[in-house]
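Participant: Just passing along the structure, written as structure tokens.
In our numbering, the protein residues as written are 3 to 234.
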């Protein structure tokens, strides 16, 4: 099959960059959203839950088009960000990261939420009776116990971001070196006669990266589980 070409390396490195940024930027909001959905009791909770999981059931193209209507240069939010802060999402790698974050966010929230719901609330109550503030209880009790779910959610978001295609290509197009990720590059290679080998190489790379991420996630989750058992 030969070695990877410079263009293939660019697509791989760009995909890792976009997936990493999407995951890291989503994580704080994902933890907060999962906590609200797991422990909150308020009107409209079902609607919020539906909105969070909406990208899972919508066609990715629809999500990408909605992002284009919202964050495009001539869109209200996109124009404001461009003129005020100089931030541009459409047809930029930052837009690809935004699209990947939106698509991976529901998977991250669901994994973290399930872990928080499974956490023994008596430990949190015990910390509260000792005078700990709600923020301190969350930081020292809830968050460490939810660590396996946080790791799982981050890996799911990363894997989803790595393989995202529909929303990304609709929002930021398929620009080599700027927005062309592994899936976009594979699509391009399948349209070019004689480029099937490049498509196959990138497909194998995507499988290896995703598998490695899952293995690392499992090892970290087991380690955090053992640490949690020692603490208890």
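For each residue, glycine too, the CB sits at the ideal point set by N, CA and C.
Just to confirm before moving on: does the CB-CB distance between residue 2 and residue 183 stay below 8 Å?
Facilitator: Within the shown structure, residues of the chain are numbered from 3 to 234, placing residue 2 beyond reach of any answer.
Participant: Looking at C-alpha atoms only, which residue of 159, 167, 74 is the closest neighbour of residue 31?
Facilitator: To locate residue 31, count along the chain shown from 1; it is residue 29. Of the listed residues, the one whose Cα sits closest to residue 31 is 159.
Participant: Let's see if you can read the secondary structure: which residues bound the alpha helix (DSSP H) around residue 28?
Facilitator: The residue given as residue 28 occupies position 26 in the chain shown. Taken as a continuous stretch (DSSP letters only), the alpha helix (DSSP H) holding residue 28 covers 8 to 41.
Participant: Residue 75 and residue 90 look like a contact to me (Cβ under 8 Å); what is the Cβ gap, rounded to whole Å?
Facilitator: Position 73 of the chain shown holds residue 75. Position 88 of the chain shown holds residue 90. Rounded, the Cβ-Cβ distance is 7 Å, consistent with contact.
Participant: What are the boundary residues of the alpha helix (DSSP H) that residue 49 is part of?
Facilitator: One-based indexing of the chain shown puts residue 49 at position 47. Looking at the DSSP string, the run of the alpha helix (DSSP H) that includes residue 49 is 47 to 59.
Participant: Decide yes or no for the touch test of the stretch 88 to 108 against the stretch 153 to 170: beta carbon pairs closer than 8 Å, at least 3 of them.
Facilitator: Because the criterion of three Cβ pairs below 8 Å is met, the stretch 88 to 108 and the stretch 153 to 170 touch.
Participant: So, helix, strand or coil for residue 93, using DSSP?
Facilitator: Mapped onto the chain shown, residue 93 falls at position 91. Correct three-state label for residue 93: coil.
Participant: By alpha-carbon positions, which one of 177, 208, 206, 169 ends up nearest to residue 100?
Facilitator: Along the chain shown, one-based indexing puts residue 100 at 98. Ranking 177, 208, 206, 169 by Cα distance to residue 100 puts 169 first.
Participant: Three or more C-beta pairs closer than 8 Å, one from the stretch 142 to 154 and one from the stretch 114 to 122: is that the case here?
Facilitator: Cβ pair count under 8 Å is three or more, so yes.
Participant: Mapping the DSSP letters down to three states, classify residue 233 as helix, strand or coil.
Facilitator: Along the chain shown, read from residue 1 onward, the residue named residue 233 stands at position 231. In this predicted model, residue 233 has a pLDDT of only 47, less than 50, meaning its place in the structure is not dependable; the value taken from the coordinates is given anyway. Residue 233 falls in the helix class under three-state DSSP.
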